[in-house]
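These notes concern the structure reproduced below.
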Amino acid sequence: MELSPNHSPLSRRGFAHLAVLGLAAGAGVLGSTPAAAASDGQVYYDRANRLAGQDPVLRAIASALHPDVEFPGELPAPPPTRLFDDLAVLSVGFVHAMALFTYEGIVLFDALRSPQDGRDYIEPGLRELGADPGDIRYIVVTHGHYDHFGAAQYLADRHGARVMMSPADWDLIERTNPDNAPDRDLEIADGQCLTLGNTSIALHHTPGHTSGTVSPIFPVHAGSRRHKAMLWGGSNPPETPGELRDYIESIAAFRWHMRRADVDVELSNHPNDYGLQRIQQLRDDPDGPNPFLLGRARADRYMEVMDLMLRGRLADAQSVQG
Ligand SMILES: [Zn+2]
Ligand SMILES: [Zn+2]
8 MELSPNHSPL SRRGFAHLAV LGLAAGAGVL GSTPAAAASD GQVYYDRANR
58 LAGQDPVLRA IASALHPDVE FPGELPAPPP TRLFDDLAVL SVGFVHAMAL
108 FTYEGIVLFD ALRSPQDGRD YIEPGLRELG ADPGDIRYIV VTHGHYDHFG
158 AAQYLADRHG ARVMMSPADW DLIERTNPDN APDRDLEIAD GQCLTLGNTS
208 IALHHTPGHT SGTVSPIFPV HAGSRRHKAM LWGGSNPPET PGELRDYIES
258 IAAFRWHMRR ADVDVELSNH PNDYGLQRIQ QLRDDPDGPN PFLLGRARAD
308 RYMEVMDLML RGRLADAQSV QG
């Protein structure tokens, strides 16, 4: 299915739905927990919604982190698209991989769902963009769920790419998905810098979605302009108060890294950030303002919305536990 420029099916269906859920948060009628805990988190959800205002990116992440969110089913895959001169998105719709092009090869962030996705999306997508899949040097797997490591071993076998993951999530996939897991390869230490060509990528541990989630910060270019991008590695919140506190701590620590690195570009590996619509905007108007370039203040506000939503989730979880 093709995204048509003027009639994006997403804006009518999936994401309109998400936005409505976000706005309807006060009702609490959709709450799945019998304890009707929404009231404890509501003060935070309201603050997040106020902070998001009319900003579609901030509204999308607030909706996606709300407990009543219903993720849309099938989403159409956008064509492979350069978001910046040296960064492309290769997506099946509901989950994305990103390719960062350097002088010495490609760093791939995530590897979609399966070897088949490697054959159907990643390799042909790179070729369509004029790149060679044989140049993939590293695959940074943000966390150990199938929709992020699926084609990793396939690409490692075919192109000699090295697969990188945090130790905790190497352990996770060995426990939970041994049949499809890539062979244990490189471990990502917290704050580690991966350098390829003259491109340096900071890899930060941001536990929360999983205990070993990794979120990178790296430079991207648009013409003569250099920007700094962040890619939040795992969004959907965990259940227990302890894990939720870890998540909140990760947001705070990562915000600090973002400020130090002057991050002005926000990216996500799922379309929970108005990403598919922004890809379409970019395709419709390649010379217009880049919708992924939020600027520093708005990128920080994005994290503040996340923080408030997670505080709401923690308040709800605590009230459930009594
Ligand atoms: Zn996940
Ligand atoms: Zn995922």
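Sequential numbering of the sequence shown, starting at 8, is according to my numbering. For every residue, glycine included, the Cβ atom is placed at its ideal position computed from N, Cα and C.
Query, Result
"His-216 versus Glu-135 - alpha carbon distance", "33 Å"
"Residues near Gly-302 by beta carbon distance below 7 Å, same chain, minus five either side", "Asp-271"
"Exposure label - Trp-239; buried when at least 16 CB within 10 Å", "buried"
"His-212 CB to nearest heavy atom of ligand 3 below 6 Å", "Absence of ligand 3 from the depicted structure is noted, with ligand 1 and ligand 2 being the only ligands included."
"Pairwise C-alpha distance: Val-312 and Trp-263", "15 Å"
"Cβ shell of Gln-328 (< 8 Å), same chain only, five flanking positions each side left out", "Pro-248"
"Contact check, Val-96 vs Thr-109, beta carbons under 7 Å", "no"
"Where Leu-283 sits in the DSSP three-state scheme", "helix"
"CB-CB length for Ser-173 against Val-221, believed under 8 Å", "5 Å"
"Spatially closest choice to Phe-91 from Asp-280, Leu-274, Tyr-309 and His-73, by CA coordinates", "Leu-274"
"Residue environment, Arg-308, which counts as buried when at least 16 other CB atoms sit within 10 Å", "buried"
"Per-residue DSSP class, three states only, for Pro-245", "coil"
"Three-way DSSP call (helix, strand, coil) for Ala-158 in this model", "coil"
"Integer-rounded CB distance, given that Leu-315 should sit under 8 Å from Leu-58", "7 Å"
"Contact set, ligand 1 heavy atom to C-beta under 7 Å", "His-150, His-152, Asp-154, His-155, His-216, Thr-217, Gly-241 and Asn-243"
"Bridge partners - Trp-239, DSSP secondary structure assignment", "Ser-275"
"Reduced DSSP secondary structure (H/G/I, E/B, other) of Pro-223", "strand"
"Beta-carbon contacts of Asn-330 that lie in its chain and below 8 Å, excluding the five residues immediately before and after", "This structure cannot settle anything about residue 330, because the visible part of the chain is limited to 8 through 329."
"Residue closest to Ile-286, alpha-carbon to alpha-carbon, out of Ile-208, Pro-85 and Phe-225", "Pro-85"
"Ala-104 - containing beta strand (DSSP E), residue span", "103-109"
"Whole-angstrom distance between Leu-119 and Val-76, CA atom to CA atom", "23 Å"
"Reference Arg-320, options Glu-250, Gly-230, Ile-129 and Ala-104, closest by Cα", "Glu-250"
"Contact check, Ser-231 vs Asn-279, beta carbons under 7 Å", "no"
"For Arg-233, the three-state DSSP class (helix, strand or coil)", "strand"
"Close-in-space but distant-in-sequence residues of the same chain around His-211 (CB under 8 Å, 5 per side omitted)", "Asp-197, Gly-198, Val-221, Ser-222, Pro-223, Ile-224, Ala-260, Phe-261 and His-264"
"Cβ-based neighbour list, Trp-177, same chain, cut-off 6 Å, excluding 5 preceding and 5 following", "Arg-191"
"Close Cβ partners of Gly-60 (< 6 Å) along its chain, the five nearest in sequence each way excluded", "none"
"Those runs of the beta strand (DSSP E) which lie wholly inside the region 87-144 and span at least 3 residues", "88-91, 94-98, 103-109 and 112-116"
"Residue burial classification, Ala-43 (beta-carbon count within 10 angstroms, cutoff 16)", "Only weak support exists for where Ala-43 lies, its pLDDT of 49 falling under 50; the coordinates are left without a value."
"Inter-residue spacing [alpha-carbon to alpha-carbon] between Tyr-128 and Ser-257", "31 Å"
"Boundaries (first-last residue) of the beta strand (DSSP E) holding Val-170", "169-172"
"Distance between Phe-78 and Arg-66 (C-alpha atoms, nearest Å)", "15 Å"
"First through last residue of the alpha helix (DSSP H) which encompasses Leu-72", "Per DSSP, Leu-72 belongs to no alpha helix (DSSP H) and is neither H nor E."
"Secondary structure of Ala-268, DSSP reduced to three states", "coil"
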